[in-house]
Structures are given as C-alpha cells and as structure tokens.
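Using full-length UniProt numbering, you'd call the opening residue of the sequence shown number 1 and step up by one each time.
Backbone N, C-alpha and C define an ideal beta-carbon position, used for all residues, glycine too.
Here the structure comes first, spelled out in structure tokens, and everything after it is commentary.
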Amino acid sequence: MSFDGARIVWSEGLFLRPQHFQHQERYLEWVLGTRVGQLQPYGWGFSQLSLDTALLRSGKFGLKSALGLLPDGTPFELPSTAAPLAPLDVPVNARDSVIHLYAMLQRPDAKAVALDADTARARRTRYQAIDAMLTDNVVGSEGEAEAQLGQLVLGLCFEADLDGAMSSLPVARLVERKANGELELDPTFIPPLLDALSFERIRDWMVELQGVVKQRGDMLEGRLGQAGSKGVADLLLLQLCNRYQPLLAQWCSGSPLHPYWLHQELLKFAGECRTFDAKSRRPPSFPAYRHDNLNKVLWPVIEEIRLAMITVPEQTAIQIPLTDRGQGLFSAEIPDARMVRGGHFVLAVAANLDERRIRELMPGQIRICAPERLVALTQAQSLGIRIANLPGAPQEIRYHANFSYFRLDSASELWKDVEVARQLALFVAGDPPGLELELWFIKA
Numbered sequence: 001m002s003f004d005g006a007r008i009v010w011s012e013g014l015f016l017r018p019q020h021f022q023h024q025e026r027y028l029e030w031v032l033g034t035r036v037g038q039l040q041p042y043g044w045g046f047s048q049l050s051l052d053t054a055l056l057r058s059g060k061f062g063l064k065s066a067l068g069l070l071p072d073g074t075p076f077e078l079p080s081t082a083a084p085l086a087p088l089d090v091p092v093n094a095r096d097s098v099i100h101l102y103a104m105l106q107r108p109d110a111k112a113v114a115l116d117a118d119t120a121r122a123r124r125t126r127y128q129a130i131d132a133m134l135t136d137n138v139v140g141s142e143g144e145a146e147a148q149l150g151q152l153v154l155g156l157c158f159e160a161d162l163d164g165a166m167s168s169l170p171v172a173r174l175v176e177r178k179a180n181g182e183l184e185l186d187p188t189f190i191p192p193l194l195d196a197l198s199f200e201r202i203r204d205w206m207v208e209l210q211g212v213v214k215q216r217g218d219m220l221e222g223r224l225g226q227a228g229s230k231g232v233a234d235l236l237l238l239q240l241c242n243r244y245q246p247l248l249a250q251w252c253s254g255s256p257l258h259p260y261w262l263h264q265e266l267l268k269f270a271g272e273c274r275t276f277d278a279k280s281r282r283p284p285s286f287p288a289y290r291h292d293n294l295n296k297v298l299w300p301v302i303e304e305i306r307l308a309m310i311t312v313p314e315q316t317a318i319q320i321p322l323t324d325r326g327q328g329l330f331s332a333e334i335p336d337a338r339m340v341r342g343g344h345f346v347l348a349v350a351a352n353l354d355e356r357r358i359r360e361l362m363p364g365q366i367r368i369c370a371p372e373r374l375v376a377l378t379q380a381q382s383l384g385i386r387i388a389n390l391p392g393a394p395q396e397i398r399y400h401a402n403f404s405y406f407r408l409d410s411a412s413e414l415w416k417d418v419e420v421a422r423q424l425a426l427f428v429a430g431d432p433p434g435l436e437l438e439l440w441f442i443k444a
C-alpha cells in the first residue's frame, strides 16, 4: 500500500527521524504532481532533445542534452541536473527496436538513494548521492556548508528491457546496426513532446503549410471577381486560408505549442478543407491521438491539408467571348470541340427591362444556331436551338445583379451543326434597350 497521499502528523513530542522528512517530500511531490497532472492532457515528453550523432558511427547511442518530464511527472535536464548519462551499447544483431530514456520509479518498498555511482547502477536506485558545497545566500553570510545531494539517475535501454519499476520516454527508433557498426535511425520517428515546434521535423511541416496556405490565399484573392471564379466557394476558401495563415505564422515564430492542441487545430483545418473537395465533401477517418506515436497521428492530417492547398481545381466555368456584329447579331467561336459534347452552355441576359419581363420575352426573341443556318431560320421564323429559364445563376458562375440565365438545349437537332462548325450565331429580335449578353460553358 502506498502512503504518498497521506501527510505526516506533526505532534508534540514527536521523535524526528529521516523517514519523516523523506515522507514529507513524497507527500508534497504527490500533491504537486496530482494537481498539475489534471491541467494538461499528456503532460509528459521532451521540451528539448539533442542526439549525440557522433556516437552512432561507433555503434553507440547517446544524448547531448535533453529537457522534459517523464510520465510519472519527474522533471529532468541533461546534462545540467541529472547524473552523467552512459551511452547505450547496441548489440550487433539489434534492429527495429525503440530506445527509451528511463528513471526508476519512486516506490515505498524500494530504496531510492545510493551513496555512490556503482551502487546506484547495481541497485537501480532513483537517485545517486553527490557531495556539494552550498553557499549561504543571506547578505553578510560568507560561509559554505558541505551537503549530500541526490542526482536523478537516468539510463538508456531498449523497449523490450523495460519493466514496471521504470518510468520512460521513447527517444528514437533503431532501424539496424549496419555491417560497419554504424547505427541507422528511423528519420520519421517523433518522440513524445511537450513543445511540438521544438522538433525540427514538425517545425518544417508547419513552415511548408504556412507557405502553401499563403500561396493559395494569394491566388484566391487574385481570382475573385474574374470570369470563371466560383464566387461564394472561392470566398469561403479564402476565409479558411485567412483564418489559419496568421495561426501558422505564430506557430512558426517559435511560440510553444503542445502536440495535442496542434493536432486538434489541424483536424479542424483538414475537416474544413474537405468541404471544398468535389469528389468527397466529408472528412476521412484520421488515427486517434497517440502521444507516443506523433508521426502516425500528425502526418496524415498535415498531408490532407497540404494536398487540399496545392490542388488547384479545374476551372468548371469558361466564358466564351461574344462578338457584336450589329443589328442584334452576335457570334461566338467555340475553342474546343469537346465543349459541344461534354457539359452545357448558359446564356446570361441583362437589359433595361424588368427581370420578369426578360424571362418572358427572351425565349421567343433569341434565335441560336450554327452561322450557316441563321438566314434560313430567320426566313422560316423558326426559333432554332431553344433556351430554358434557370431559377438563378448556376453555382459555377459568379452572380451578377439584373442578369437572367438561360440554358441552351443541346438535345436539339440543330446542335449537331454547332458540333461540326464549332461556332454559334445569336440573333436578338426587337432591339431590347441596354442589352448585355454573356455566353458561358459549364463542364459536366
């Protein structure tokens, strides 16, 4: 049974022994750890980590420096406050193994302190005693006192060698020890972190995302208002870029950010990106958050966002220029033969007339056909290719006030002549005042 959560009862006549002070320390550490542990999910990992890459060439694994918290709440800092860390000798046949940094857990049934380094290693104690001279920090006091201090003992081992008496953090994944003795590490491995942006791989991802989001936003800003713009869809996508561009810039500036909260923000971003994907507007299923496997949970979300930002959707609406020949006659060249067979054509009409009046008059006043058939149709007073009223502007075309929209009937017999000629002729009878026409092709 653990008594860490039970405080010492200080009473009159108590005979003080070292155990009282030792337990008081354990109690205070328990209170602090329990309270702080509720404030932040996954409050363990590295804030800083630097591998000793020179040791890898000799078949050993070591750390230059490290700062962070173990899963049991123990803070550590290498090489400043912990005992010197011995490098791990990697055996010849070692491969596909995760290397951990560990310390022994503090347990009531185990000795926590060894008075020398050899005993600390042999007995696997949590602390190793060292002699130190402590200065008096009161002004006017110049004396020093010798004291024994307990340094945290950290070690390196393979995941298979861990047991229940250790608190550990995965540091790296060993791919193999090569024939020449050099160690190959997995470059995609990301250890548990307290600050995601302290790790170079994640920081590089954020810098790349910042660049592609800014580039997409600039492109959308320039496209808004142009012919063929998707209007509301482009505006909403620009709003999404504007929301995350300052946030990404803040992250890239070095602001600390826990990977759990980074993952939450990126999930929102990726989910919203799918809204603009014509193939599938629902988000995919992403892996659940794993603090000990950050590459697996972060990379799929980042890749989803990256692809959404760099994929420029094909322009679905193309405006076809109309040439005014005078006396109500207009002509249009269809630049691609595939247009007359795939998709449909929309005629936008505006005039100094009531919009309802335009919708009533235009289907009977506009003759549309291939140029060589126009004279015959006019003489026969035939309407040619019929046009049908649309309730509003198609979503592929940006809405303009006072315009009415009509769809050309590509099932008409006269459409075959248009396919051959790749030209359209339009004749508007009656000379409506302030007439404006736009011809659009919308891909299927």
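When DSSP labels each residue in this structure, what does residue i get in the three-state scheme?
i      : result
Arg35  : helix
Gly271 : helix
Phe158 : strand
Trp440 : strand
Leu105 : coil
Arg26  : helix
His263 : helix
Gln19  : helix
Asp417 : helix
Ala376 : helix
Arg338 : helix
Leu49  : strand
Leu123 : It should be pointed out that residue 123 corresponds to Arg in this sequence rather than to Leu. It is helical.
Residue i to residue j, Cα distance in whole Å?
i           : j      : result
Arg386      : Ser410 : 9 Å
residue 449 : Gly217 : The shown model of the chain, from 1 to 444, leaves out residue 449, and the question about it has no answer.
His20       : Gln128 : 20 Å
Leu347      : Leu266 : 42 Å
Asp234      : Leu224 : 7 Å
Ile320      : Leu294 : 50 Å
Ile302      : Gln40  : 23 Å
Leu237      : Gln250 : 21 Å
Val212      : Arg177 : 38 Å
Val138      : Ala132 : 18 Å
Trp440      : Cys369 : 16 Å
Gln151      : Arg126 : 8 Å
Ser58       : Gln315 : 57 Å
Leu353      : Lys416 : 33 Å
Ser198      : Pro259 : 10 Å
Leu183      : Pro284 : 37 Å
Gly430      : Gln365 : 7 Å
Leu408      : Ala393 : 14 Å
Gly434      : Gln210 : 47 Å
Gly343      : Leu390 : 16 Å
In the DSSP assignment, the alpha helix (DSSP H) including residue i goes from what residue to what residue?
i      : result
Asp324 : Here Asp324 belongs to no alpha helix (DSSP H); instead the beta strand (DSSP E) covers Thr323 to Gly326.
Lys214 : Glu200 to Arg223
Leu294 : Leu294 to Ile310
Ile358 : Glu355 to Gln365
Gln128 : Per DSSP, Gln128 belongs to no alpha helix (DSSP H); it is in the beta strand (DSSP E), Tyr127 to Thr135.
Leu69  : It is not in any alpha helix (DSSP H) - Leu69 instead sits in the beta strand (DSSP E) that spans Leu63 to Leu69.
Could you please give the first and the last residue of the uninterrupted beta strand (DSSP E) stretch that includes residue i?
i      : result
Leu426 : Gln423 to Val428
Asn389 : Ile387 to Asn389
Pro75  : Pro75 to Leu78
Glu184 : Leu183 to Leu185
Val171 : Met166 to Arg177
Gln381 : Run containing Gln381: none; DSSP gives neither H nor E here.
Val346 : His344 to Ala350
Leu237 : Element bounds for Leu237: not the beta strand (DSSP E) but the alpha helix (DSSP H), Val232 to Cys252.
Leu115 : No beta strand (DSSP E) contains Leu115, which DSSP labels as neither H nor E.
Ala145 : Glu144 to Leu152
Ala54  : From DSSP, Ala54 is part of no beta strand (DSSP E) but of the alpha helix (DSSP H) over Thr53 to Leu56.
Leu408 : Ser404 to Leu408
Ile320 : Ala317 to Ile320
Ala370 : Neither: Ala370 is in no beta strand (DSSP E) and is coded neither H nor E.
Phe330 : Leu329 to Glu333
On the premise that residue j lies in contact with residue i, defined as a C-beta separation below 8 Å, what is that separation, rounded to the nearest angstrom?
i      : j     : result
Pro192 : Gly45 : 4 Å
Arg26  : Asp4  : 5 Å
Does residue i come within less than 8 Å of chain C when only Cβ atoms are used?
i      : result
Leu237 : Protein chains in the displayed structure number just one, and chain C is not present.
Between residue i and the ligand PLP, is the CB less than 7 Å from at least one heavy atom?
i      : result
Gln381 : As for the ligand PLP, it is missing from this structure, which has no ligand bound.
| request: Indicate whether the contact test is met: 3 or more Cβ pairs, each with one atom in the stretch 150-163 and one in the stretch 94-104, closer than 8 Å. | output: yes
| query | With contact counted as at least three CB pairs below 8 Å, one residue from each stretch, are the stretch 33-53 and the stretch 61-75 in contact? | reply | yes
| request: Decide yes or no for the touch test of the stretch 349-364 against the stretch 394-404: beta carbon pairs closer than 8 Å, at least 3 of them. | output: yes
| Any chance the stretch 242-257 sits against the stretch 196-213, with 3 or more Cβ pairs inside 8 Å? | yes
| field | Touching by the beta-carbon criterion (3+ pairs, under 8 Å), the stretch 422-438 and the stretch 321-330 | value | Taking 8 Å as the limit for Cβ pairs, the verdict is that the stretch 321-330 does touch the stretch 422-438.
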